[in-house]
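**Q**
Structure below.
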């Protein structure tokens, strides 16, 4: 018992140290996001504005760049990273698949169809309008996937979720491509959004999706313990008083809210939902509550770093943040696919909930 207690205390201290380091890295990346790109102001002038030194606060151009361009973009990157990191961890747990990614439920495809529908109807001319269309499309497609997967006595099993998501996602992508055929103007408007970019994100967009992200994270944390029981098998979960079908439904709702919010703000941003949970499991093992927290922090760090890099690699132009994340995520996916040991990294580090 003493040995077990010491091991648990050591594990808790280790998790706290890693959490502090990760949080510090997130804060540093957020600071860099406020200092670089989105307007040529100079690093020192941006620092002066942030700390209130000299006459920087009286510079209207500097105020617009820092407060209206960089600050909303920084908050958007934080929000999207947390949302996709937590959603990825949930999805991998509920499907028992370490390669599951947030596009699995057709959310990305649904958001894309929503935006294209809005463009075709001439009702997506503003960022707020595109936000609404993307969110509506993502929610509707995810609801269809869940309804199809839940048919039958077994409910929404991991296999049914994967198959339904793949089938509906492919169908929706086909419909989207058909709608864009011969519509060059619509395609040009849609093209930048589908690449996944934080350029031009407004504070209003961040505020609009913030409640959905908060609700999604709260549901995720509330589902952590039942989900841990579900990882032991449906029969074991039932013997512990849990309802597997209800757990999966609640988790899918949380994943949908989180991913739809991200898609609505920045378009489909891939690989964060794969990368962040992998990092979290490597640090804290399979305990769900710490894994969700670490996955959220890791996701925020990944999106922030990628967004800052996107502003710098081809300055004064910008690269889509999703492209930078893909350059990181694609090699990782190949490594995971080629190494069974890496696929199960962290699986033996079962910790306390």
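Residue numbers (full-length UniProt numbering): 1 to 353.
Ideal Cβ placement from N, Cα and C applies to all residues, glycine included.
Leaving out five residues before and five after residue 93 in sequence, what residues of the same chain have Cβ atoms less than 6 Å from its Cβ?
**A** 227, listed in sequence order.
**Q** Threshold first: 3 residues or longer. Then list the beta strand (DSSP E) segments lying entirely within the segment 99-183, N to C.
**A** The segment 99-183 contains no whole beta strand (DSSP E) run of 3 or more residues.
**Q** So within the segment 212-291, which uninterrupted alpha helix (DSSP H) runs reach at least 4 residues, ignoring any that extend past its ends?
**A** Correct list: 224-230, 234-239, 244-266 and 272-284.
**Q** Taking only three categories from DSSP, how would you classify residue 314?
**A** If DSSP states are grouped into helix, strand and coil, residue 314 belongs with coil.
**Q** Can you give me the C-alpha to C-alpha distance between residue 271 and residue 329, rounded to a whole angstrom?
**A** In a straight line, the C-alpha of residue 271 is about 5 Å away from that of residue 329.
**Q** Please list the terminal residues of the continuous alpha helix (DSSP H) segment that includes residue 357.
**A** Nothing in the structure corresponds to residue 357, since the chain is present only between 1 and 353.
**Q** Can you tell me which of 110, 70 and 335 puts its alpha carbon nearest to the alpha carbon of residue 355?
**A** Within the shown structure, residues of the chain are numbered from 1 to 353, placing residue 355 beyond reach of any answer.
**Q** Looking only at its own chain, which residues have a Cβ that is under 6 Å from the Cβ of residue 349, when we skip the five neighbours before and after it?
**A** Unreliable placement is indicated for residue 349, whose pLDDT of 44 sits below 50; no coordinate value is reported for it.
**Q** Would residue 85 and residue 309 qualify as a contact pair, given that the criterion is a beta-carbon distance under 8 Å?
**A** Taking 8 Å as the Cβ cut-off, residue 85 and residue 309 do not qualify as a contacting pair.
**Q** Select from 21, 233 and 140 the residue whose C-alpha is nearest the C-alpha of residue 297.
**A** Minimum Cα distance to residue 297 is reached at 21.
**Q** By a C-beta neighbour count over all protein chains shown, 10 Å radius and 16 as the cutoff for buried, is residue 41 buried or exposed?
**A** Residue 41 should be labelled buried.
**Q** Does the Cβ-Cβ distance between residue 267 and residue 219 come in under 8 Å?
**A** Contact flag unset, no.
**Q** With DSSP as the reference, label residue 1 as helix, strand or coil.
**A** For residue 1, the predicted structure reports a pLDDT of 45, less than 50, and the residue's modelled location is therefore unreliable. A value from the coordinates is still provided. It is coil, neither helix nor strand.
**Q** Three-state secondary structure (DSSP) at residue 198?
**A** Coil.
**Q** Whose CA, out of 148, 146, 291 and 240, lies closest to the CA of residue 90?
**A** Of the listed residues, the one whose Cα sits closest to residue 90 is 291.
**Q** How would you call residue 307, buried or exposed, if buried means at least 16 neighbouring beta carbons within 10 angstroms?
**A** Buried, by the Cβ-count rule.
**Q** Around the C-beta of residue 130, are 16 or more other C-beta atoms found within 10 angstroms, so that it is buried, or is it exposed?
**A** Its Cβ being crowded by 16 or more others within 10 Å, residue 130 is buried.
**Q** If we ignore side chains and look at the alpha-carbon of each, how far apart do residue 79 and residue 217 end up?
**A** The alpha-carbon atoms of residue 79 and residue 217 are separated by roughly 11 Å.
**Q** From residue 15 to residue 283, what does the alpha carbon distance come to, in whole angstroms?
**A** Cα to Cα, the separation comes out at about 7 Å.
**Q** Does the Cβ of residue 74 have 16 or more other Cβ atoms within 10 Å, making it buried, or fewer, making it exposed?
**A** Buried.
**Q** Which class does residue 331 belong to by DSSP, given the choice of helix, strand or coil?
**A** The answer is helix: DSSP assigns residue 331 an H, G or I state.
**Q** Classify residue 239 as buried or exposed, calling it buried when 16 or more other Cβ atoms lie within 10 Å of its own Cβ.
**A** By the 10 Å Cβ count, residue 239 comes out exposed.
**Q** Tell me whether residue 16 sits in a helix, a strand or coil according to DSSP, three-state version.
**A** Three-state DSSP puts residue 16 in a helix.
**Q** Here's the rule: buried if 16 or more other CB atoms are within 10 angstroms of the residue's CB, otherwise exposed. What is residue 101?
**A** Looking at its Cβ environment, which holds 16 or more other Cβ atoms inside 10 Å, residue 101 is buried.
**Q** Return helix, strand or coil for residue 36, following the three-state DSSP convention.
**A** Three-state result, residue 36: coil.
**Q** Check the C-beta distance from residue 95 over to residue 205 and give it rounded, since I have them as a contact under 8 Å.
**A** Contact flag wrong, Cβ pair sits at about 30 Å.
**Q** Given residue 137, which residues of its chain have a CB within under 6 Å of its CB, disregarding the five upstream and five downstream residues?
**A** Counting only Cβ-Cβ distances below 6 Å, and skipping sequence neighbours, we find 110, 111, 113 and 114.
**Q** My assumption, with CB atoms under 8 Å, is that residue 99 sits in contact with residue 274. Please give the rounded CB distance.
**A** Yes, they are in contact, since the Cβ atoms of residue 99 and residue 274 sit about 7 Å apart, within 8 Å.
**Q** Straight-line CA distance for residue 236 to residue 207?
**A** For residue 236 and residue 207, the distance between alpha carbons rounds to 41 Å.
**Q** Please report how far the alpha carbon of residue 198 lies from the alpha carbon of residue 245, in whole angstroms.
**A** Those two C-alpha atoms are separated by around 36 Å.
**Q** Anyone know if the C-beta pair for residue 46 and residue 27 falls short of 8 Å?
**A** In this structure, residue 27 does not lie closer than 8 Å to residue 46 by Cβ.
**Q** Alpha carbon to alpha carbon, what distance is there between residue 320 and residue 67?
**A** Roughly 21 Å separates the two Cα atoms.
**Q** Go through its chain and collect everything with a Cβ distance to residue 140's Cβ below 7 Å, but skip five positions before and after it.
**A** Within the same chain, residue 140 has close Cβ partners 110.
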